[in-house]
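Some notes on the structure that comes next.
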Amino acid sequence: MRAAALAALAACAACVRPSDQRALDDLGVGSARSSDADVQVAGGLAAVRALADHQLELWSQAPVLDLRISLLDTAAGDWTITIRNATTDAVLSAAGTAYAREPGERPTVARFRVPLSAGDHELHLAPPDADRLESFKVAAMADIQTALPVVHEVFAKINEVPDLRFVIGMGDLTERGYLDEYDLYERQLETLSIPFYTTIGNHELWSDPMRFLGRFGRANFQFQFKGVAFTFVDSGDAGLDPLVEEWLDGWLADARDLPHVFLTHMPPVDPFGLRYGSFRSTRDGRRLISRLVDGNVDLTLYGHIHTLVEYENGGIPAYISGGGGAAPMRFDGIDRHFLVVELAPAAGAPAPLGGGIAGVTVHRVD
Amino acid sequence: MRRWHALEIVATAALATLAAPRDARAEPPPTDEPAPRADEPAPRADEPAPRADEPAPRADEPAPRADEIAPRSRPAPSTLRRVVAVGAAIVPGVLVRGAGSYVVGERRTAKRLLELGAIGLAAGAIGGAAVGGSGGSPYFIWPAVPVAVLGGGLLVPSWFADIWVAAGAERVRGGPRAAPPWSIELSTTGLRDPYRARVLPGAAATVELGRLGLGASALLDAGGASRTGGVEARWRILGAPATGGPTEDGSRLYARAAARYHHDDPDDLALATAELEVVLRGELRHVDPRLAGLFLELATGAGVERAGYARGAHDLGAILLARFAWGAYLGRRGEAALFYDHRRDDLAGGLYAWRASGFVGSVGARAQAAIAGPWAVRGELQVGNAWVGTLALCYQGGTR
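Quick mapping for you: the protein sequence lines, in order, are chains A and B. So that you can map any letter, position 119 of the first sequence is 118 in numbering that gives the first Met the number 0, and since no number is skipped, the others follow by simple counting. So that you can map any letter, position 46 of the second sequence is 45 in numbering that gives the first Met the number 0, and since no number is skipped, the others follow by simple counting.
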């Protein structure tokens, strides 16, 4: 009887944390080990796609990567390190030596040949201006889903915007999370001239989410670029797992004094409250907003609702931008679109939206 | 004419509800059974009818109900037939309402459950199509979502009612009691959600002043982390007055206004809510006499919420209220119900619903029963984002 009661309690606990395993799976992303080599990506900011025979291949989820590679004698030699989804001007350096990209690849594929001896090595991948506090622009979008076959049209419009550094995504890349959809997503990204960093949405959960995590990287992560923090969290099942919230608390503390952009798929609270297109618990949604307020977040970006909504949550400027092409909302006057976010991290730089956010503009595709 | 029969049933139920006596004890038993139609079979010998051998009613008891289920003059269905009927009520009954009733020979009940389910399905489909087809456009959320939820409030309970009839549960033979003139309640609520495991002692009180009902409640975290207090006022539009005694018809319609304040220290969150809703309880015997002792509740409304965050920030938001329940009277001692609640701002929040997470509210079960004299117990389990279980001890004033 007691065992049954304990089992019921355990089942109850499992029911209220549907994404705990997915959060734990995130922790496995960004590291790999072979018989004579070990790779760790700081912050889990890249998925390790291959580690064998002096070859290392990563899919990057951030413009700046720090790698630690440990090799046994048998693994020493010239390594080919391929980093996909990299910034177009990324440079790899190790022990004070910068390595030039090998020619012949697309702009977002950085390939380096690096001589590595046995022992531990710290490698750093970053654009030359990664630490300079100066204005820059990124694009933001979400909710591609069934429009995956034609999303190259959106990417073409993004390519036309000058000086964009990368795209940040709020999830729902696929309709069902099928393998052939991820294949198509990756092929479509070849038409985009800048990298695409994204979390997942509820549609990635229709299939095993490891299909995304193992191939494209973590769903919960933070990186900093040119003095601006970008935090992505997974709200694919309409809530945050407590483990993710714990990570978020740390990231909020780390970026407390920086311009901070927060991205997740589901709006914590639907600005049109009657619709409930948001977290499954309004209280938990508001709990998150209170944390973002307390953490000095400067801009929140959401998807899930296939329209464009500009509003504030807890006084923080907020955008719902679900214009990636998925079945659009009717009667809202906008179809496919993306946002361009202009950031001004330097002290004294004009930032009309406050907190280093110089502006958010809407770019229509249709 | 047949195609209008479904509407006729709804109209009959609605009219019967609207015509429910204000003081049932002063009114004759309802005679809301529709006259036999030309295209219907003649009443069977086992149709519900007043029982000649019933003892005379006591002064504080309502008159016998015209639709009380009489003992069958034919042999009851065999156990095997009951088992088959329950199976049929589940599958194909989940799709074809009334299948279970049909198997036990209650063809009229089967037909009416089929029609009730069809109306619910149509309402759900219309509401769902409006929301889905417009991509969740704000122009369609109201009234499409309430229509869809209330359609579910006919569709799902018609399934439960079919299983009820197939299982022969009509032998429970319950009847309603009016709300007590006043009551006080002490409760304990257990909350388990992704972030919290709390025990919340609570207290509540109600008083009925004619058509006006007033209530107040409080819920405090035993660990001091949260405090919730609420007040509400109800205006009884239709239904029996709050005597606390047995009543002929438990159908009622009332409007409810409520305000609630909730403060959660770890969340750094203060929520103030004001809401208004209309609540209808209809007894299913108005749909078919074989469904006597069962009831249906439908409610919808809206509210506003002010959220106060850390550092003085705040938001204003709207909340949609829509819920339904299907229940049965437990003799004259109490009642039990299963329910769906679409709101997300309460302790339970919405269910993790896999692909539909975020769009679905919570489900639950509740029961209340008199235990001795004015004492009653109440229990409720609600499952959404959280599991919320409540046990309460109530003292109810009024006639017992």
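The beta carbon of each residue, even a glycine, is placed where N, CA and C say it ideally should be.
Only R342, R343, D344, D345, L346, A347, G348, G349, L350, Y351, A352 and W353 from the region 342-353 of chain B bring a Cβ to less than 9 Å from some Cβ of chain A. In the three-state reduction of the DSSP assignment, K136 of chain A falls in the strand class, which pools E and B. By the C-beta criterion, the region 90-103 of chain B is judged to be in contact with the region 158-174 of chain B, since at least 3 inter-stretch pairs fall below 8 Å. Straight-line measurement puts the Cα of E101 of chain A at about 42 Å from the Cα of I333 of chain A. In this structure, A:I304 is the residue among A:V361, A:I304 and A:I68 with its C-alpha nearest to the C-alpha of P327 of chain A. Collapsing the DSSP output to three states places I315 of chain A in a strand. Judged by DSSP secondary structure, Y184 of chain A falls within the alpha helix (DSSP H) whose first and last residues are L178 to L188. Counting only runs that start and end inside the region 222-285 of chain A, the beta strand (DSSP E) elements of at least 3 residues fall at 227-232 and 259-263. Put simply, the CB of V148 of chain B is far from chain A, with every gap to its CB atoms at 8 Å or more. Secondary structure of Y253 of chain B (DSSP, three-state): strand. With a beta-carbon spacing of about 4 Å, P179 of chain B and G243 of chain B fall inside the 8 Å limit used to define contacts. The DSSP assignment places complete beta strand (DSSP E) segments of no fewer than 3 residues inside the region 37-70 of chain A at 45-51, 54-59 and 64-70, in order along the chain. Cα atoms of I140 of chain B and A366 of chain B: separation of roughly 32 Å, rounded to the nearest angstrom. With respect to chain B, the C-beta atom of M328 of chain A has a partner C-beta closer than 8 Å.
DSSP assignment within the region 76-139 of chain A yields the following whole beta strand (DSSP E) runs of 3 residues or more, N-terminal first: 76-83, 90-93, 96-98, 108-115 and 118-125. Cβ-Cβ distances below 8 Å link V382 of chain B to A347, L350, S361, V362 and G363 in the same chain, with the five nearest sequence neighbours on each side left out; the list follows chain order.
In terms of Cα proximity to H123 of chain A, the closest of A:Y98, A:S234, A:E56 and A:D256 is A:Y98.
With respect to chain A, the C-beta atom of Y194 of chain B has a partner C-beta closer than 8 Å. About 7 Å separates the beta carbons of A141 of chain A and G200 of chain A, which is inside the 8 Å limit, making them a contact pair. Annotation for R110 of chain A: T81, E101 and E104 place their beta carbon closer than 6 Å to its own, counting only its chain and skipping 5 residues before and after.
Contact between the region 249-258 of chain B and the region 112-129 of chain B is absent, with fewer than three C-beta pairs closer than 8 Å. Spatial neighbours of E189 of chain A in its own chain (CB-CB distance under 7 Å, excluding positions within 5 residues in sequence) are listed in chain order as R105. Using a CB distance cut-off of 8 Å, F165 of chain A does not count as an interface residue toward chain B. For E114 of chain B, the enclosing alpha helix (DSSP H) covers residues R106 to G132.
Chain B places no beta carbon closer than 8 Å to that of D171 of chain A, leaving this residue out of the contacts. No Cβ of chain B is located within less than 8 Å of the beta carbon of D24 of chain A. A237 of chain A belongs to the set of residues whose beta carbon lies under 8 Å from a beta carbon in chain B. Under the 8 Å criterion on CB atoms, F271 of chain A is classed as interfacial with respect to chain B. Beta-bridge partners assigned by DSSP to A369 of chain B: B:A375. Exposed is the label assigned to Q54 of chain A, since fewer than 16 other Cβ atoms lie within 10 Å of its Cβ. Per the coordinates, the alpha-carbon of R363 of chain A lies some 11 Å from the alpha-carbon of S320 of chain A. Beta-bridge annotation (DSSP): V166 of chain A is paired with A:A138 and A:F195.
At a cut-off of 8 Å, the C-beta of I125 of chain B has no neighbouring C-beta in chain A.
DSSP, reduced to helix, strand and coil, places E169 of chain B within a helical segment of the structure shown. Against chain B, the beta carbon of S320 of chain A has no neighbour under 9 Å; the closest one sits roughly 14 Å away. In this structure, the beta-carbon distance from L262 of chain A to I143 of chain A does not fall below 8 Å.
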